[in-house]
Amino acid sequence: MTKRPQKKSGSPYPFWFFLPAGLIYGVLFLVPTVASLYFSLTRWSLFNSTFIGFENFLSFVQEPFLLKGLINTVIFAVSTAVLKTIIGLSLGILLTSNIRMRGLLRTIAFFPVLVSTVGIGITFAVMMHPTRGIINVSLELIGIDGPGWLTNPTLALYSVAFVEVWRGVGLASVIFIAGLVSIPRDYYEAARIDGATKWQQFKRITLPLVQPATATVMILSFVYGLRSFELIWTMTKGGPGFSSDVIASIIYKQYQAGFYGLSTAGNVILFILIAVMVMPLVAYFNRREVDL
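Each residue of the sequence shown is one higher than the one before, counting from 21 in the numbering used here.
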């Protein structure tokens, strides 16, 4: 009796097949990461460095406005992630329905994603000018005295968050569209035959089956919000005062002041902060996906 050849376990691809991706990953991620960890423990300039241990980390966590920046970072990340998810799902449902000019509307919704973040920031900074901006000028025409969107310490961070949602909701809607069109239409047909209402179909079919897209949008938006910098710096530079400062803008201010080691330590802390905050979110969505 002849023995059947046993199948080899593991990947069907040879080892060398992974070498190009491994080299790119190592050069573009591992090497800069290790270098950042080293330079965060030094007082360095472009030409020399002096090892000082954890002094940079101690100095960074003693920054007087670090707590304010941390709170602003979390507020910005949570608010933009939640709004992108809700609005993105709503747009996804709308843009997969039988409406006229659906293709054009999809293009319009995705367009802000293609525009430079700095360009968007400059444009909205002009539009939100307290006296000459088009938003307040338009409000004034109907008898409403518009606030200082970017000059009021209470509104500045939320105004930037609104612009970030406008900028990024197009990508969220595209991800939701991909998730929605993958749901078999038979489920909805069966639900209609059983007398299910639109809300029941949304709650029992759409929401559970679009869970992978929801997880993707939520995690990507949350990570981007935690490390967001360009839009905030372009529109407010962390002001007025320190009211819209986030961790990334605090790090950049240290770099501007010539404290390169201190700013590098801040980047390492931000990396750890993102990992600590995102890993439970990933675990939660993975658990939800298994339960479904």
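Ideal Cβ positions, reconstructed from N, Cα and C, are used throughout, including at glycine. Note that this is a predicted model, so its numbers are computed, not measured.
Pull up the distance between the alpha-carbon of residue i and that of residue j, whole angstroms please.
i	j	result
T254	T217	46 angstroms
S283	I225	48 angstroms
R187	I294	22 angstroms
A97	G258	15 angstroms
F38	Y45	11 angstroms
N76	T62	8 angstroms
M21	R307	Caution applies to M21, whose pLDDT of 48 falls short of 50 and renders its modelled position unreliable; the value that the coordinates give is listed next. Spanning the two alpha carbons is a distance of roughly 47 angstroms.
A198	G139	28 angstroms
T70	G278	15 angstroms
Nearest to residue i by alpha carbon, out of the options?
i	options	result
I142	D165, N172, P173, E184	E184
G73	L57, L87, Q82, G139	L57
G261	L134, L78, L177, R63	L177
T236	E75, S193, T174, K273	S193
T53	L301, V296, A285, N306	A285
I155	F49, G89, S179, Y272	S179
D165	N172, V157, T171	V157
V146	E160, I128, L170	L170
Does DSSP put residue i in a helix, a strand or coil?
i	result
S69	strand
T62	strand
Q82	coil
G166	coil
I195	helix
G261	coil
I271	helix
M21	Its pLDDT being 48, under 50, M21 is placed unreliably in this model, and the value from its coordinates should be taken loosely. Of the three classes helix, strand and coil, the one that applies to M21 here is coil, per DSSP.
D206	helix
G278	coil
Given a cut-off of 8 angstroms on the beta-carbon distance, is the pair residue i and residue j in contact?
i	j	result
T137	G245	no
P132	G168	no
F59	G281	yes
Q221	A211	yes
L229	I213	no
I289	F80	yes
Counting contacts by CB-CB distance shorter than 8 angstroms, is residue i in contact with chain C?
i	result
F222	The structure shown contains no chain C; it is built from a single protein chain.
Assuming the contact rule is C-beta atoms closer than 8 angstroms, residue i and residue j should be a hit. Round their C-beta distance to whole Å, please.
i	j	result
L200	G112	5 angstroms
F115	L124	The sequence shown places Leu at residue 115, not Phe. Not a contact, Cβ separation roughly 10 angstroms.
N287	I270	With a Cβ gap of about 11 angstroms, N287 and I270 do not count as contacting.
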